[in-house]
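**Q** A single structure is presented below for examination.
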Amino acid sequence: MGSGKRRWKISFQWSPSPIKNQTPKEFTCPLSGFLMADPVIVSSGQTFERNCAQSCKILNFKPVLSDGTTPNFSAVIPNLALKSAILNWCNAHLVEPPEPVDEISAEKIVRALMDCQKHQSLETHNRTQWQVPASVKSVRTRFPIRFSPSSEELRETRNKTQSPNKTQSQGPKTWNSSDKELTRFPGRFSSSSEELRETHPKTLCQVPKPRNSEDAELTRFPSKLSSTSEELRETHKKTQWQGPKSRISVETELNRAQSQLSLSSEESVVAATSGSSTPLPFYSYSSSSSDIETLNPSSSEEDDIVLRLRSLHVFEQEEAATSLRKMTRTGEDSRVRLCTPRVLSAVRSLIASRYAAVQVNAVAALVNLSLENQNKVRIVRSGIVPPLIDVLKAGFPEGQDHAAGALFSLALDNHNKTAIGVLGALPPLLHALRSESEQTRNDSALALYHLSLVQSNRVKLVKLGSVQTLLGMVRMGHMTGRVLLVLSNLAFCVEGRAIMLDVGTVEVFVGMLSRDRLESESTRDSCVTALYGLSHGGLRFKGLAKEAGAEEVLRKVEEVGSERARVKARRVLEVMRGRDEEEEEVDWEALLNSEEVSQTL
C-alpha cells in the first residue's frame, strides 16, 4: 500500500528566459516608455511616438534625453521600417501589437515630463546653494579651533584679552601665542564652510552618523575630509602640463573623492528618513558625472576618448580626434566598439569647431565610424547630420570633403535616405557639385544618387531645380557618368519626367548615344535607362523621340551595347511600337462601335 518513503519528482521543464522576451530599447518611445505604434523621426534624428512628438512641438517642450541630447521637433517623418520591425517582433514573441497613444494621453505624458524636469532643475538649483548643516554648527561650537570662528568673533576675543585688568593678571603670553598661531597657520583658521565648499561644490554636505572609529574620527575632525581634495588639487596643478594621461588620472581621483563625499551625504539622508513609514528613493538628484557613468557602464577606452574630446583645451581635442580617426581607420572592431552615444555626442560638438584641425579630424573619424553598416542608422539618430550639413555649407575645405563623404556613406542605408532628405541635405549637396574639390563633387553626386532612390527626395530635387543644373553639367561634359545616374532616377518620377521632357532631355540623350560621347559602358547604360524612364511619358515622349531619331540609335545599342543596355533599348523600342498599334486598334474599335451603335439606334 503505502511504503511511507518520500519520492522525488524531477521536472525537466525549462523556464523561458526573460532576456529574450525583453522589449528592445530602440522599439520604445523615450518619452512614454511604451512600444511605438506610429514611430516618427524628428529633425535631430531621434525617433518618438507621433503624438508625443506633436505634443512636445505644440507645448514647446524640449526634453533632455538619457544621453544628454535635446531633440528638435520642427519636422517629423514616418519611420516605416521601424514600424514594420516592431510588428515583426511582436508576432515573433507573441506580443499584442501596440496601439497608438491618443493625443490626450500624449499631452498628459508631456506635461508630466515638463513638471518633472522643472522640479529637477529647481532641486538642482537649491542643492547648489551652500548651507551649513546643524550638525556642523554643533561641532563648530565644541571645537572652535578646528572650525575657526569668523572675523567678528576673533575681534571680540581679541578685545576681551587686551583689556588692562585681564592682561596684567593673565599675562600677554596667551594672546601673543594665539596671534603667532594665526600668523604661522592661517589655513587652519579659514572658514569651515569654505573648506567644505572647495571639497564638493555641487553636493550638499552633511555629516553622517559615525558608524565606526574612522567615521567618528572624521566627524570630530572634518578638516581631514577637505585635505584629501586639496592634496589632489595640488597634485593636479603640478601634473597639469605633463600630458593628458596624468591629468586624466588626477581628475579620476578627484571624481572618486567627491563621489565618496556625496555617498556619505546620501547615507545620512537615508538614515535620517529611515524612521518614516513612506519609503524614499535611494538616490540623489545632484548626481555627478561619475554616478552617471556607474549607471551606464562603459569601457576605459571609451572613457578616455570622451574625456579628451570634451576637454577645454584645443590641442587635447585635436589629439583626441586624431587618435579616434587612427583607431577607426582600419579596425572594424574599434568602429563598432566606439560608436556609442557618448562618443557620437562628443564628436558632434567638435564638428562645429572653429579650428580647422579639430573639425577635419572629427569629421574624418565620423566617416570611418559610418563605414560599418550597423553604425549608419545609429549615427543619423544621434543628431549628427545637421552639423555635417553646416560643415558642407561653410566649413573648411578639407572638412567639406569629409562631410560629403560622410553623407554619401550614411545615404547607403535605406533607413537613412528619407531622414537625410528631411534634415535638409539635398540643397548643399546639389550646390557642392560645383565645388573646386573633385572629391567633394564626386561624393556629393553619389550621395544624391542614393538619396534620389526615394520618391520623396526625387520630388524635392525637382522642386530645387536640379534637372536644369544636372542637364547643364551633362551638356558641358562635367561628371557625366555620375550626373546621369541622378537623372535616370529623376526620370522615373512623374514630376521629374515632365520637366525633363520640357527642357529637351530626350534630344540630349539621343545625341550622346549617336555621337558616342560617353565615358564608359556604365555611362551608356545610365543614358539608356534614363530614356527608358522617359518612355513612360506617353505620346509626348514618342513624338520627341521620333524627332530626335531615337529609334535608329536604339537599334544600334540593341546590337552592340552591353546586356543591360540591350534590354533597356529593346523595352523602349517595344513601348514606342506597341503604342502605335494600340492607338490604331483603339481608334478602329471606337469607330466601329460608334457605327454599330448608330445603326442599332
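For what it's worth, the working numbering labels the leading residue of the sequence shown as 2, then goes sequentially.
C-beta atoms are modelled at their ideal positions from N, C-alpha and C, and glycine is treated no differently.
Residue range of the alpha helix (DSSP H) that Thr441 falls in?
**A** Glu439 to Leu452
**Q** Considering Val392, what are the terminal residues of the alpha helix (DSSP H) in which it resides?
**A** Taken as a continuous stretch (DSSP letters only), the alpha helix (DSSP H) holding Val392 covers Val386 to Ala395.
**Q** Residues in its own chain within less than 8 Å of Ser453 by CB, not counting five upstream and five downstream?
**A** Around Ser453: Arg459, Leu462, Val487, Asn490 and Leu491.
**Q** Quick test of the definition: if touching needs 3 or more C-beta pairs under 8 Å, does the stretch 432 to 442 touch the stretch 57 to 72?
**A** no
**Q** Between Asn376 and Leu370, how many whole angstroms is the CB-CB distance? I'm expecting something under 8 Å.
**A** 5 Å
**Q** Rounded to a whole number of angstroms, what is the C-alpha to C-alpha distance between Arg338 and Ile380?
**A** 13 Å
**Q** Taking 7 Å as the threshold (C-beta atoms), are Val364 and Gly400 in contact?
**A** Closer than 7 Å, so yes.
**Q** Any idea if Phe409 is buried or exposed, counting beta-carbon neighbours within 10 angstroms, 16 or more meaning buried?
**A** buried
**Q** Tell me where the beta strand (DSSP E) around Glu50 begins and ends.
**A** Thr48 to Glu50
**Q** Based on the DSSP output, what are the partners of Val43 in its beta bridges?
**A** Val77.
**Q** For Ile105, count neighbouring Cβ atoms within 10 angstroms of its own Cβ and tell me buried if that reaches 16, exposed if not.
**A** So Ile105 counts as exposed.
**Q** Please report the Cβ distance between Pro101 and Leu36, rounded to the nearest whole angstrom; I am assuming they are in contact, meaning their Cβ atoms lie under 8 Å.
**A** The Cβ separation is near 11 Å, so there is no contact.
**Q** Pairing CB atoms from the stretch 88 to 99 with CB atoms from the stretch 109 to 116, are three or more of them under 8 Å?
**A** no
**Q** I'd like to confirm the pairing. Which residues does DSSP put opposite Thr29 in its beta bridges?
**A** Leu36
**Q** Give every residue of the same chain whose Cβ lies closer than 6 Å to the Cβ of Met577, excluding the five residues on either side of it in the sequence, and list them in chain order.
**A** Answer for Met577: Lys543, listed in chain order.
**Q** Within the stretch 476 to 512, note down every full alpha helix (DSSP H) run reaching 4 residues or more, in order along the chain.
**A** 481 to 491 and 495 to 503
**Q** Return the residue from the list Ala357, Lys327 and Tyr356 that minimises the CA-CA distance to Leu367.
**A** Lys327
**Q** What residue does the alpha helix (DSSP H) around Lys63 start on, and which one ends it?
**A** Run containing Lys63: none; DSSP gives neither H nor E here.
**Q** Between Leu351 and Gln360, which are expected to be in contact by the criterion C-beta below 8 Å, what is the C-beta distance as a whole number of angstroms?
**A** 7 Å
**Q** State the start and end residues of the unbroken alpha helix (DSSP H) segment that holds Asp304.
**A** Ser301 to Leu310 is the extent of the alpha helix (DSSP H) around Asp304.
**Q** Run the CB neighbour count on Pro398, radius 10 Å, all protein chains shown included, and call it buried at 16 or more, exposed below.
**A** exposed
**Q** From which residue to which residue does the alpha helix (DSSP H) around Pro435 run?
**A** Looking at the sequence itself, residue 435 is Arg, so the reference to Pro does not match. Per DSSP, Arg435 belongs to no alpha helix (DSSP H) and is neither H nor E.
**Q** What residues in its chain sit with their C-beta under 6 Å from that of Ser445, if we drop five residues either side in the sequence?
**A** Ala405, Leu430, Ala433 and Leu434
**Q** Can you say whether Leu81 is buried or exposed, counting buried as having 16 or more other CB atoms within 10 angstroms of its CB?
**A** exposed
**Q** For Asn52, collect the residues of the same chain with a Cβ closer than 6 Å to its Cβ; drop the 5 residues on either side in sequence, then sort them by chain order.
**A** Val102, Glu104 and Ala107
**Q** In its own chain, which residues sit with a C-beta less than 7 Å from the C-beta of Ile621, not counting the 5 before and 5 after it?
**A** No information on residue 621 is available, as it lies outside the stretch 2 to 602 that the chain covers here.
**Q** Between Ile385 and Arg349, how many whole angstroms is the CB-CB distance? I'm expecting something under 8 Å.
**A** 5 Å
**Q** Assign Tyr533 to one of three DSSP states: helix, strand, or coil.
**A** helix
**Q** Rounding to the nearest angstrom, what Cα-Cα distance links Phe62 and Val111 in this structure?
**A** Straight across, the Cα-Cα distance linking Phe62 with Val111 is about 8 Å.
**Q** With distances taken Cα to Cα, identify the nearest neighbour of Thr419 among Asn374, Val43, Glu27 and Cys30.
**A** The shortest Cα separation from Thr419 among Asn374, Val43, Glu27 and Cys30 belongs to Val43.
**Q** Do Gly538 and Leu502 have their C-beta atoms within less than 7 Å of each other?
**A** yes
**Q** With DSSP run on the structure shown, which of helix, strand or coil describes Asp402?
**A** If DSSP states are grouped into helix, strand and coil, Asp402 belongs with the helices.
**Q** For the alpha helix (DSSP H) that contains Ala551, what are its first and last residues?
**A** Segment Ala551 to Val561, the alpha helix (DSSP H) holding Ala551.
**Q** Using a Cβ-Cβ cutoff of less than 8 Å, which residues in the same chain neighbour Ala357 once the five nearest sequence positions on both sides are dropped?
**A** Phe397, Glu399 and Gly400
**Q** Which of helix, strand or coil does DSSP assign to Ser122?
**A** Ser122 falls in the helix class under three-state DSSP.
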